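Protein chains: 4
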Amino acid sequence: MTAREFRYGIVPPAQAATLSGRELLQGMIEGRFPAPPITQQLTFWLAEVGEGTAVFEGEPGAHLLNPMGIVHGGWTMTLIDSAAGCAAHTLLAPGVGYTTVETKVNFSRAIRADTGRVRAQARVVSKGRQVISAEAYVAAADGQVLAHGTSTLLVLQGAGNR
Amino acid sequence: MTAREFRYGIVPPAQAATLSGRELLQGMIEGRFPAPPITQQLTFWLAEVGEGTAVFEGEPGAHLLNPMGIVHGGWTMTLIDSAAGCAAHTLLAPGVGYTTVETKVNFSRAIRADTGRVRAQARVVSKGRQVISAEAYVAAADGQVLAHGTSTLLVLQGAGNR
Amino acid sequence: MTAREFRYGIVPPAQAATLSGRELLQGMIEGRFPAPPITQQLTFWLAEVGEGTAVFEGEPGAHLLNPMGIVHGGWTMTLIDSAAGCAAHTLLAPGVGYTTVETKVNFSRAIRADTGRVRAQARVVSKGRQVISAEAYVAAADGQVLAHGTSTLLVLQGAGNR
Amino acid sequence: MTAREFRYGIVPPAQAATLSGRELLQGMIEGRFPAPPITQQLTFWLAEVGEGTAVFEGEPGAHLLNPMGIVHGGWTMTLIDSAAGCAAHTLLAPGVGYTTVETKVNFSRAIRADTGRVRAQARVVSKGRQVISAEAYVAAADGQVLAHGTSTLLVLQGAGNR
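Protein chains in written order, with my numbering: chain H, 152 to 313; chain L, 152 to 313; chain Z, 152 to 313; chain F, 152 to 313.
Written as structure tokens, this is what we have:
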């Protein structure tokens with residue numbers, strides 16, 4: 152399966168609000184809901200979700216290079232931010248939203264255009280009533296850690312916004 | 152000036168090694184060197200450099216949206232990581248490279264497809280022999296802070312790599 | 152003024168709840184309220200508060216050393232966390248509390264037992280309804296940056312807790 | 152075993168340089184080397200080391216309280232910074248030092264004077280030639296996560312300093 156098989160778009164908020172986070176994300180994986188537009192630009196996609204976990208996969212390439220000729224750290228951060236956010240989202244009931252308050256990423260090894268597909272695996276570390284923290288690791292096919300990071304999420308009850 | 156006027160590509164490393172960081176970056180601004188490919192995907196560009204400072208501008212749009220219909224935090228992190236890295240790069244002599252060790256970003260306000268052009272302004276906070284830290288702020292046209300963050304860079308003397 | 156002139160203790164919550172953050176903190180500076188116990192262990196004290204700003208001072212010493220014989224980074228982090236938290240607290244009305252969600256610190260230069268008094272200056276960068284971020288810089292007497300960091304705070308309305 | 156049984160001081164650098172990180176740290180646990188002074192102020196101690204791992208224990212108490220009457224986040228950050236740093240140190244050969252470049256901590260649950268002994272368990276996530284990253288989790292006796300964080304360390308070959 153590659154990123155190119157997906158439809159891109161936004162699930163209407165009124166429809167999304169009827170689903171738990173896990174139902175919504177599972178629907179994206181199965182193609183019943185569109186994948187968000189940013190994933191087309193950056194060739195990555197949601198691959199798996201569980202209870203407090205999420206996995207994204209991404210395909211490096213020449214379109215992602217920074218001035219030094221390696222994949223821009225922003226791509227890696229996008230994978231980590233996505234995985235950590237979705238891991239948290241899997242724990243939220245219908246109508247409950249979240250916003251990412253901050254994300255921090257360590258770049259362990261350079262990712263190159265020909266590194267091959269990478270996986271960003273995330274899990275929730277702590278879930279409070281208002282704050283969730285989740286961590287994510289990006290690894291190459293050989294399992295070596297390429298980057299890792301942590302996100303802090305604010306849970307938004309009802310129509311709440313910070 | 153918009154992102155669409157740029158040529159995209161990588162400056163050959165042998166050529167880049169003859170230039171100070173500031174000369175290389177100024178050359179990108181002036182169009183004498185190509186802009187890196189990631190900036191085309193993510194509609195942002197280097198706008199200004201100074202001694203230990205750098206400014207990127209970025210154009211939000213529908214191609215950057217996350218599942219909630221707002222601009223993905225990964226885009227904002229890419230701008231901050233780029234601005235902080237280039238601010239550090241302006242202080243490096245020819246033949247001296249750097250790699251970003253980690254970047255951390257706070258998301259203060261949602262960026263929307265119609266937020267309009269944003270600016271990411273960065274400055275070096277501390278420069279040691281091996282480690283540089285720089286901070287960056289992303290602001291809307293009205294000056295309101297949308298996000299802010301810090302990067303830690305490792306200076307690579309000669310052909311060094313970590 | 153040194154840390155040794157302070158009374159140490161906790162302001163009773165019922166009394167603290169009648170005061171704005173700034174009133175409470177100004178009362179600590181003026182000695183009308185006790186300084187918190189941790190400040191005695193770690194020889195630091197609140198020196199100034201303003202609208203969204205706070206300054207702590209600290210006295211390094213042999214009691215703060217880590218195994219390498221330099222001041223433990225935990226001391227520096229404590230100053231930054233305190234300054235950032237109090238800068239945010241100055242913006243809160245009576246009865247409104249906060250909790251620090253996360254703090255991240257860059258260590259720029261080693262602090263030694265004989266570095267002399269340092270200052271940690273903090274300011275609020277962004278204030279939302281639920282989330283505040285503040286940054287702080289620790290500097291020596293000569294103004295050189297020794298460390299810097301950012302805290303993210305959650306505002307707790309009424310008796311709320313996360 | 153409690154913090155009070157330790158001798159406090161600094162291992163002479165010339166002696167420390169003859170030992171691997173793991174030998175030095177194991178010697179502290181066994182009382183053959185003094186514990187660093189900061190651990191007396193903040194009632195915590197090194198409990199275990201392994202290959203790329205370290206565990207600290209700490210005893211909360213009234214001497215650690217912040218103005219809100221809970222244990223200051225600086226204490227928690229000190230445990231995490233210590234555990235992450237020592238986990239990295241266990242991988243270093245004699246004569247090789249390190250310095251912590253940055254530490255980031257999430258505060259998941261309040262620690263109180265009567266929370267009881269906590270454990271900070273750390274492990275190295277990635278080890279490069281110049282940069283090591285390690286993560287640490289602080290847990291109560293019941294295993295609940297109270298805080299977690301990440302440190303980035305710079306390896307110092309010989310007498311190098313950044």
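Virtual Cβ for every residue (Gly too), placed ideally from N, Cα, C. Bear in mind that the values here come from a model prediction, so they are computed numbers and not experimental data.
query, result
"Which residues in chain F have a C-beta closer than 8 Å to the C-beta of leucine 215 of chain Z? List them in chain order.", "Pro188, Ile189 and Gln192"
"Measure the beta-carbon distance from histidine 299 of chain H to serine 284 of chain F and round it to whole angstroms, keeping in mind my assumption that it falls under 8 Å.", "7 Å"
"Pop quiz: valine 206 of chain L and alanine 234 of chain L are said to be a contact at Cβ under 8 Å. What is the actual Cβ separation, rounded to whole angstroms?", "7 Å"
"From the beta carbon of glycine 279 of chain F, is the nearest beta carbon of chain H less than 8 Å away?", "yes"
"For a contact defined as C-beta to C-beta under 7 Å, what are the partners of phenylalanine 258 of chain Z on chain F?", "Thr251, Val252 and Glu253"
"Taking all protein chains shown into account, do 16 or more other C-beta atoms lie within 10 angstroms of the C-beta of glutamine 272 of chain H, making it buried, or fewer, making it exposed?", "buried"
"Using DSSP with H/G/I as helix, E/B as strand and the rest coil, what is leucine 176 of chain F?", "helix"
"Taking threonine 303 of chain L as the query, report the chain Z residues whose CB atoms sit under 7 Å from its CB, ordered along the chain.", "Asn257"
"Going along the chain, which residues of its own chain have a beta-carbon closer than 6 Å to the beta-carbon of valine 162 of chain Z, five neighbours each way excluded?", "Phe184"
"So if DSSP puts tryptophan 196 of chain Z in a beta bridge, which residue, or which two residues, is it bridged to?", "Z:Glu208"
"Taking the alpha-carbon positions, what's the glutamate 210 of chain L to histidine 240 of chain H distance?", "28 Å"
"Beta-carbon of valine 247 of chain Z versus every beta-carbon of chain H: anything under 8 Å?", "no"
"Short of 7 Å in beta carbon distance, which residues of its chain neighbour isoleucine 231 of chain H, apart from the five on each side in sequence? Order them along the chain.", "Thr254, Val256, Ala271, Ala287, Val289, Ala298 and Gly300"
"In its own chain, which residues sit with a C-beta less than 6 Å from the C-beta of asparagine 217 of chain H, not counting the 5 before and 5 after it?", "His223"
"By how many angstroms is the C-alpha of arginine 274 of chain F removed from the C-alpha of glutamate 199 of chain F?", "12 Å"
"Of the choices H:Gly178, H:Ala165 and H:Ala291, whose alpha-carbon is the least far from that of leucine 197 of chain H?", "H:Gly178"
"Would arginine 280 of chain F be called buried (16 or more neighbouring beta carbons within 10 Å of its own) or exposed?", "exposed"
"Got a sec? Which residues, its chain only, sit under 6 Å from methionine 282 of chain L by beta carbon, not counting five neighbours each side?", "Before going further, note that residue 282 of chain L is valine rather than methionine in the sequence given. Closer than 6 Å at Cβ, skipping near neighbours: no residue."
"Could you give the first and the last residue of the continuous alpha helix (DSSP H) run that contains glutamine 166 of chain Z?", "164-167"
"What is the DSSP secondary structure of isoleucine 283 of chain L, counted as helix, strand or coil?", "strand"
"Taking only beta-carbon atoms, is valine 276 of chain L less than 8 Å away from chain F?", "no"
"How many Å lie between threonine 204 of chain F and alanine 238 of chain F at the Cα?", "4 Å"
"For valine 162 of chain H, which residues in chain L fall below 7 Å Cβ to Cβ?", "Pro218"
"State yes or no: is the beta carbon of glycine 182 of chain F nearer than 8 Å to at least one beta carbon in chain Z?", "no"
"Decide if glutamine 295 of chain L is buried, meaning its Cβ has at least 16 other Cβ atoms within 10 Å, or exposed.", "exposed"
"Is valine 296 of chain L close to chain Z? Criterion is C-beta to C-beta, closer than 8 Å.", "yes"
"Measure the C-alpha to C-alpha separation of valine 247 of chain H and threonine 250 of chain Z and round it to an integer number of angstroms.", "22 Å"
"For the candidate residues F:Ala167, F:Thr266 and F:Arg268, whose alpha-carbon lies nearest to that of glycine 220 of chain Z?", "F:Ala167"
"When you compare each of L:Tyr159, L:Leu215 and L:Glu174 to isoleucine 189 of chain L by their alpha carbons, which one comes out closest?", "L:Tyr159"
"I want to verify the contact list: residues of chain A whose CB lies under 7 Å from the CB of histidine 223 of chain H, in sequence order.", "In the displayed structure, chain A is absent; the protein chains listed are H, L, Z and F."
"Which residues does DSSP list as the beta-bridge partners of histidine 299 of chain H?", "H:Asn257 and H:Tyr288"
"Would you say histidine 299 of chain Z lies against chain L (beta-carbon separation less than 8 Å)?", "yes"
"Give every residue of the same chain whose Cβ lies closer than 8 Å to the Cβ of leucine 170 of chain Z, excluding the five residues on either side of it in the sequence, and list them in chain order.", "Gly178 and Pro245"
"For aspartate 232 of chain F, which residues in chain Z fall below 7 Å Cβ to Cβ?", "Gly224, Gly225 and Met228"
"Hey, alanine 292 of chain H and arginine 263 of chain H are a contact pair by Cβ (cut 8 Å); roughly how many whole angstroms apart?", "About 13 Å separates the two Cβ atoms, so there is no contact after all."
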